[in-house]
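Participant: A single structure is presented below for examination.
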Amino acid sequence: MTDTPLWQLSATELSALTRAGDVSAVEATQAAIDRMQAVNPGLNAVVVDLSESALARARTLDASDTPKGPLYGVPITIKINVDQKGQASSNGLLALKDHSAGEDAPLVKNLLDAGAIIIGRTNTPEFSFRVDTDNPLHGRTHNPWGPHLSAGGSSGGAGSAVAAGIGALAHGNDIAGSLRYPASANGAVTVKPGLGRVPAWNPSQPAERGMLAQAMSVQGLITRSARDLALAMPAMIRPDPRDPFHVPLPWKGAAHEGPVKVGFTTDTLDFPLHPEVAAALTDAREALTDAGYVVEDITPPSLRDLAECAIRALMTETQAMMAGDIQRLGSDTVKGIFAEYFATFQPYEPEDYLRTIAKRTHFARQWSLLLHDYPLVLTPFLPQPFFAPGRDTQGLEGVQEVLGSAIWSTSMNFIGLPAGNVPARLAALESGTQPIGVQLVGRRWREDLIVEAMTAIEERVGPMAPRLWSRMG
9 MTDTPLWQLS
19 ATELSALTRA
29 GDVSAVEATQ
39 AAIDRMQAVN
49 PGLNAVVVDL
59 SESALARART
69 LDASDTPKGP
79 LYGVPITIKI
89 NVDQKGQASS
99 NGLLALKDHS
109 AGEDAPLVKN
119 LLDAGAIIIG
129 RTNTPEFSFR
139 VDTDNPLHGR
149 THNPWGPHLS
159 AGGSSGGAGS
169 AVAAGIGALA
179 HGNDIAGSLR
189 YPASANGAVT
199 VKPGLGRVPA
209 WNPSQPAERG
219 MLAQAMSVQG
229 LITRSARDLA
239 LAMPAMIRPD
249 PRDPFHVPLP
259 WKGAAHEGPV
269 KVGFTTDTLD
279 FPLHPEVAAA
289 LTDAREALTD
299 AGYVVEDITP
309 PSLRDLAECA
319 IRALMTETQA
329 MMAGDIQRLG
339 SDTVKGIFAE
349 YFATFQPYEP
359 EDYLRTIAKR
369 THFARQWSLL
379 LHDYPLVLTP
389 FLPQPFFAPG
399 RDTQGLEGVQ
409 EVLGSAIWST
419 SMNFIGLPAG
429 NVPARLAALE
439 SGTQPIGVQL
449 VGRRWREDLI
459 VEAMTAIEER
469 VGPMAPRLWS
479 RMG
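Taking this note's numbering, the leading residue of the sequence shown gets 9, the next gets one more, and so forth.
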């Protein structure tokens, strides 16, 4: 047993206790529920409370003599845009508040099969297409570090919840940064899996998504500890026949011979690099060097062209396939944001769009060649510290800060590469204290290498959650 409150334990620590029988699933679940009831009223991160069903499942698990999975008794949350049997996949929309799912999505099934216990569902913005989390159905999610910071999006509820101690693991998803934004904002850790890594499908969806959305969107986890990703992601990637494009590879790839080379860049194109972000990158570089990695400066290939193609192609498909629903179902706020998106990141004409999609392979090949020499690349995530709530509603300047400057985010989705985000610094700024995250891009199918490198950074910098909890009281 431990003197540390159970809700403060990492998933790795907690699962060791529950699997050994030192802590029951009920005890672990009740501790997470108590924490949720204590802090969620001020955060609005969990918008569907599943305490009753969670405790019932915990009692069932404790009474069972079946083998205990790797996540036995670990409390988790699920984002409200993914199907969970009997729950509404509302996607932050009033019109879908009663859109109940008839069965679990593959990732939900995988997590439950591993023994996890779902204590609640977390907030997302309308259409899960903002980097700030607010909607007319459930309201705004707040960042536990304070009102000077957005909780990020679209998995803002997940990031806020897990950082504050509500569950040890938080599910989220990412089409242009929706795992990495909340991780960076809340001082948490994530790895955006590569294309095809985690089986994905919502059984309740009325139609298939656009081709680019299928190619860019992935499912993942936000955690407080990099090691928890190594524990939980093997369960997430288990095959499911409902995703015909899932790639059934093991979590860990072949051992790398000799020191792993890491390419390093601070390139942010025309966006100025803030001194605290530069310092976070230096801290991360030094941590990797001390851990035995060989870190060398690189020039990222075709970054400007890749970043522009990625965001404009995404907006082209979004306008073509979602504009009608946005006008029909969206709030005035989200309509205004999308109008600015389309004006700032001008959608392509059909022929230019097709050429851009063809060029996607060119960019992917360039990065494949780079990653052949450097299995990991350390980059900024955002060039500036994280932004304030509602920044994306403030016209061109706001949209450029929150999305236009995220050249390292959407680009990696566009070419389907895995990318992690880990806090590397705690900055005391005039607006308030905030964590600063950095990004690690990895070879295709080598999320494990990213997680190992993030663990090395975390060991040097230290986790952010205990520092946050001391501020929260």
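Quick reminder that beta carbons are idealized off the backbone N, C-alpha and C, glycines included.
What does LYS93 pair with, by DSSP beta-bridge criteria?
Facilitator: Along the sequence shown, one-based indexing puts residue 93 at 85. For LYS93, which the question treats as bridged, DSSP gives the partners ALA109.
Participant: Out of ALA288, SER23 and MET323, which has the shortest C-alpha to C-alpha gap to ALA435?
Facilitator: Your numbering for residue 435 matches position 427 in the sequence shown. The residue with the shortest Cα to Cα distance from ALA435 is ALA288.
Participant: Helix or strand or just coil, what does DSSP make of VAL199?
Facilitator: In the sequence shown, residue 199 corresponds to position 191, counting from 1. Three-state DSSP puts VAL199 in a strand.
Participant: How would you label GLY332, buried or exposed, when you count the other beta carbons within 10 angstroms and need 16 or more for buried?
Facilitator: By one-based count along the sequence shown, residue 332 stands at place 324. GLY332 should be labelled exposed.
Participant: Quick one: residues in its chain with C-beta nearer than 6 Å to the C-beta of ARG65, no 5 flanking neighbours on either side, listed in chain order?
Facilitator: Numbered from 1 along the sequence shown, position 57 holds the residue referred to as residue 65. Taken in chain order, the residues that qualify are ILE125.
Participant: Report the rounded CA-to-CA distance for GLN335 versus ASP30, giving the unit in angstroms.
Facilitator: Translated into the one-based positions of the sequence shown, residue 335 becomes position 327. Translated into the one-based positions of the sequence shown, residue 30 becomes position 22. Roughly 54 Å between the two C-alpha positions.
Participant: Can you give me the Cβ contacts of PRO207 inside the same chain, cut-off strictly under 6 Å, excluding the 5 residues immediately before and after it?
Facilitator: Locating residue 207 in the sequence shown gives position 199, counting from the first residue. The beta carbon of PRO207 lies closer than 6 Å to those of PRO114, ASP248, ASP251 and HIS254 in the same chain, with the five residues before and after it left out.
Participant: Just curious, the alpha helix (DSSP H) that ALA433 is in, first and last residue?
Facilitator: Taking the sequence shown and counting its residues from 1, one reaches residue 433 at position 425. The question names Ala, but residue 433 in the sequence shown is Arg. Premise fails: ARG433 lies in the beta strand (DSSP E), 427-437, not in any alpha helix (DSSP H).
Participant: Check whether the Cβ atoms of SER23 and PRO78 lie closer than 8 Å to each other.
Facilitator: Residue 23 sits at position 15 when you count from the first residue of the sequence shown. Residue 78 sits at position 70 when you count from the first residue of the sequence shown. Yes, they are a contact pair.
Participant: With a threshold of 7 Å on Cβ separation, who are the neighbours of GLY204 within its own chain once the five nearest residues in sequence on each side are excluded?
Facilitator: Within the sequence shown, the letter at position 196 stands for residue 204. Result list for GLY204: PHE253, HIS254 and VAL255, in chain order.
Participant: Quick one: what does DSSP say THR364 is sitting in, helix, strand or coil?
Facilitator: Taking the sequence shown and counting its residues from 1, one reaches residue 364 at position 356. Shown here, THR364 sits in a helix according to DSSP, grouped into three states.
Participant: Might you give, ordered along the chain, the residues of its own chain that have their beta carbon closer than 8 Å to the beta carbon of LYS117, omitting 5 neighbours on each side?
Facilitator: Against the sequence shown, residue 117 aligns to sequence position 109. The answer, listed in chain order, is ASP248.
Participant: Is ILE183 helix, strand or coil when you go by DSSP?
Facilitator: Along the sequence shown, one-based indexing puts residue 183 at 175. Looking at ILE183 - three-state DSSP - the assignment turns out to be coil, as it is neither helix nor strand.
Participant: According to the Cβ coordinates, are ILE230 and ALA178 closer than 8 Å?
Facilitator: What you label residue 230 is simply residue 222 of the sequence shown in a count that begins at 1. What you label residue 178 is simply residue 170 of the sequence shown in a count that begins at 1. Yes, the Cβ-Cβ distance between ILE230 and ALA178 is below 8 Å.
Participant: Since SER168 contacts THR149 with CB under 8 Å, what's their CB separation in whole angstroms?
Facilitator: Here residue 168 is taken as the residue at index 160 of the sequence shown, counted from 1. Here residue 149 is taken as the residue at index 141 of the sequence shown, counted from 1. Correct: roughly 5 Å between the Cβ atoms.
Participant: Which stretch, first to last residue, makes up the alpha helix (DSSP H) that contains GLU216?
Facilitator: Stepping through the sequence shown from its first residue, residue 216 is reached at position 208. Premise fails: GLU216 is in no alpha helix (DSSP H) and is neither H nor E.
Participant: Going by DSSP, name the residue or residues bridged to ILE334.
Facilitator: Counting from one through the sequence shown, the residue named residue 334 turns up at place 326. In the DSSP assignment, ILE334 is bridged to no other residue.
Participant: Measure from the alpha carbon of GLY428 to the alpha carbon of each residue in SER192, PRO391, GLU438 and ILE415, then state which is nearest.
Facilitator: Taking the sequence shown and counting its residues from 1, one reaches residue 428 at position 420. Ranked by Cα distance from GLY428, the first of SER192, PRO391, GLU438 and ILE415 is SER192.
Participant: Verify whether the separation of the beta carbon atoms of VAL285 and PRO190 is less than 8 Å.
Facilitator: As a working note, residue 285 is residue 277 in the sequence shown. As a working note, residue 190 is residue 182 in the sequence shown. No, these two residues do not count as a Cβ contact at 8 Å.
Participant: Could you compute how far the alpha carbon of LEU63 sits from the alpha carbon of PRO155?
Facilitator: On the sequence shown, position 55 is the one that residue 63 refers to. On the sequence shown, position 147 is the one that residue 155 refers to. Looking at the two C-alpha atoms, the distance is approximately 32 Å.
Participant: With a CB to CB cut of under 6 Å and the five nearest residues on each side skipped, what residues in its chain are close to THR273?
Facilitator: Reading the sequence shown from its first residue, position 265 is the one you call residue 273. Excluding positions up to five away in sequence, the list reads ILE306, PRO308 and THR387.
Participant: Could you check whether the segment 213-225 touches the segment 180-190, counting it as contact only if at least three pairs of C-beta atoms, one from each stretch, sit closer than 8 Å?
Facilitator: yes
Participant: Express the C-alpha separation of LEU314 and PHE371 in angstroms, rounding to a whole number.
Facilitator: Sequence index remark: in the sequence shown, residue 371 carries index 363 (1-based). Sequence index remark: in the sequence shown, residue 314 carries index 306 (1-based). Distance between the alpha carbons of PHE371 and LEU314: 7 Å.
Participant: By the three-class DSSP mapping on this structure, what secondary structure does ILE126 have?
Facilitator: Looking up residue 126 in the sequence shown gives position 118. ILE126 falls in the strand class under three-state DSSP.
Participant: Evaluate contact between the segment 233-243 and the segment 454-464, counting only Cβ atoms and requiring at least three cross-stretch pairs below 8 Å.
Facilitator: yes
Participant: Counting only runs that start and end within the segment 264-326, where is the beta strand (DSSP E) found for 3 or more residues in a row?
Facilitator: 269-272 and 302-305
Participant: To test your reading of the DSSP string, which unbroken beta strand (DSSP E) runs of 3 or more residues are found completely within the segment 9-70?
Facilitator: 54-57
Participant: Taking one C-beta from the segment 310-326 and one from the segment 459-467 each time, how about it: are there three or more such pairs within less than 8 Å?
Facilitator: no
Participant: To the nearest angstrom, how far is it from the Cα of MET330 to the Cα of THR10?
Facilitator: Counting from 1 along the sequence shown, the entry for residue 330 is found at position 322. Counting from 1 along the sequence shown, the entry for residue 10 is found at position 2. Answer to the nearest angstrom: the Cα atoms are 50 Å apart.
Participant: In three-state terms, what does DSSP make of LEU119?
Facilitator: The residue given as residue 119 occupies position 111 in the sequence shown. Looking at LEU119 - three-state DSSP - the assignment turns out to be helix.
Participant: Have a look at SER417 and ALA71 and give me their C-alpha separation to the nearest angstrom.
Facilitator: For the purposes of this step, residue 417 is identified with residue 409 of the sequence shown, where counting begins at 1. For the purposes of this step, residue 71 is identified with residue 63 of the sequence shown, where counting begins at 1. So the two alpha carbons sit approximately 45 Å from each other.
Participant: Drop a sphere of 10 angstroms on the beta-carbon of PRO13, count the other beta-carbons inside from all chains shown, and report buried for 16 or more, exposed for fewer.
Facilitator: Residue numbering aside, residue 13 sits at position 5 when the sequence shown is read from its first letter. Under this definition PRO13 is an exposed residue.
Participant: Alpha carbons only, please: which of VAL302, GLY81 and VAL56 is nearest the one belonging to VAL270?
Facilitator: Within the sequence shown, numbered from 1, the residue matching residue 270 stands at position 262. Cα-wise, what sits closest to VAL270 is VAL302.
Participant: Near ASP42, which residues of its chain fall below 6 Å by C-beta distance, leaving aside the five closest residues on each side in sequence?
Facilitator: For this step, residue 42 is matched to residue 34 along the sequence shown. For ASP42, where only same-chain residues beyond five positions count, there are no Cβ hits under 6 Å.
Participant: Using CA atoms only, rank isn't needed, just tell me which of GLU405, VAL385, LEU437 and GLY160 is closest to PRO426.
Facilitator: The count along the sequence shown starts at 1 and reaches residue 426 at position 418. Nearest C-alpha to PRO426: VAL385.
Participant: In whole angstroms, what is the alpha-carbon distance linking GLU325 and ASP360?
Facilitator: As a first step, residue 325 must be located in the sequence shown, where it is residue number 317. As a first step, residue 360 must be located in the sequence shown, where it is residue number 352. Each residue's alpha carbon lies about 12 Å from the other.
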